[in-house]
Structure formats: C-alpha cells, structure tokens
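Structure record follows, encoded as structure tokens.
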Amino acid sequence: MGEFSIFHWLVVLAIVLIFFGGRRIPEVMKGLGEGIRSFKEGVSGASQSPTQTPPTQVAAPSGLTAKSGSGQVALNWSASLGASTYNVKRSGTSGGPFARIASTSATSYTDEGLPGGTTFYYVVSSTNSSGESGNSVEISATTA
1 MGEFSIFHWL VVLAIVLIFF GGRRIPEVMK GLGEGIRSFK EGVSGASQSP
51 TQTPPTQVAA PSGLTAKSGS GQVALNWSAS LGASTYNVKR SGTSGGPFAR
101 IASTSATSYT DEGLPGGTTF YYVVSSTNSS GESGNSVEIS ATTA
C-alpha cells in the first residue's frame, strides 16, 4: 500500500513532462543538484569556520576641494582608510545624477577639456574588495 507501482511512476513522469517539458528536465535536475551541493557546503562550512569576519566597508572620502582653471577643474581629497580606488563623478546639476568620469588610486584628479564658464558638480566615492562607499560631500566649480 505504501509503494508506488509502475503506473504511478508513469503518471508522475507525465505530470513532470507537462509542467517542465522534455528539454527543461536536465536544467531542473542540474539546479536541484547544485542546490543540494550548496546546502551540503553550507552545513559543513558553518561547522568548520563559525568566526569569519566580513570585509570592512570603506568610508566615503572627505575634504573634497576643487580649483577651477581654463577648461579644467583640479580635484583633491583626503584618503579613506582601506580604499583601493576612488570613483570621480560629475554632474551638470546640483544633487545629480552623477556620472562616473574616472577611477583612480590617487587622491587627486584633473577633469580636462571642459567648456569655459560652466559650473560642474563633483562627488567622489571610495572602493575596496567589500564594495563602494557612499558619495562624498558635493562641491561645485565653474571653469574659466
């Protein structure tokens, strides 16, 4: 009474084919296998290393300054502890949206080739292996 007969297995197979189609069955089985493997790794990993420290989130750069010139703006900022690179972002309007114009490991950047007499708004963010920080305080500069 508790076992399936061949007829029951054929009905189950027909239902699976109706829902998934013949071509999707290998994908479903692959996903099921990956899920079981991931579960096993998670269970064994949790018992082996319960005290993993997550990567440290990097802080936004501070002290952003801008010096305008003829068709350029020179930006400088203070280094953020743990930052590997900085994303320099610019907008034509205060508050953004900001577009990334450069990524650098230095704490300065010169934005060149800009039209004269135009105001630009800048922010800088820090990045490291844990991700990207929020934006710095916004500053503005008008080219000469």
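Heads up, the final residue of the sequence shown is numbered 144 in the numbering used here, and it's a clean run with no missing numbers. Beta carbons are placed, not taken as given, at the ideal position from N, Cα and C, and that holds for glycine.
With respect to the 7 Å criterion, T110 and A74 are classified as neighbours on the basis of their beta carbons.
Distances from the alpha-carbon of T93 to those of S130, V123, S68 and L81 put V123 closest. The beta carbons of N128 and A83 sit about 6 Å from each other, so the pair counts as a contact at 8 Å. Between S108 and N76, the CB-CB gap stays under 7 Å.
DSSP lists K67 and T110 as the beta-bridge partner residues of A74. Going by C-alpha positions, F19 is about 15 Å away from W9. Here the alpha carbon of G33 sits roughly 11 Å from the alpha carbon of K40. Taking the Cβ atoms as the reference, Q72 lies roughly 7 Å from T143, within the contact range of under 8 Å. Rounded to the nearest whole angstrom, the C-alpha separation of G116 and L81 is 35 Å.
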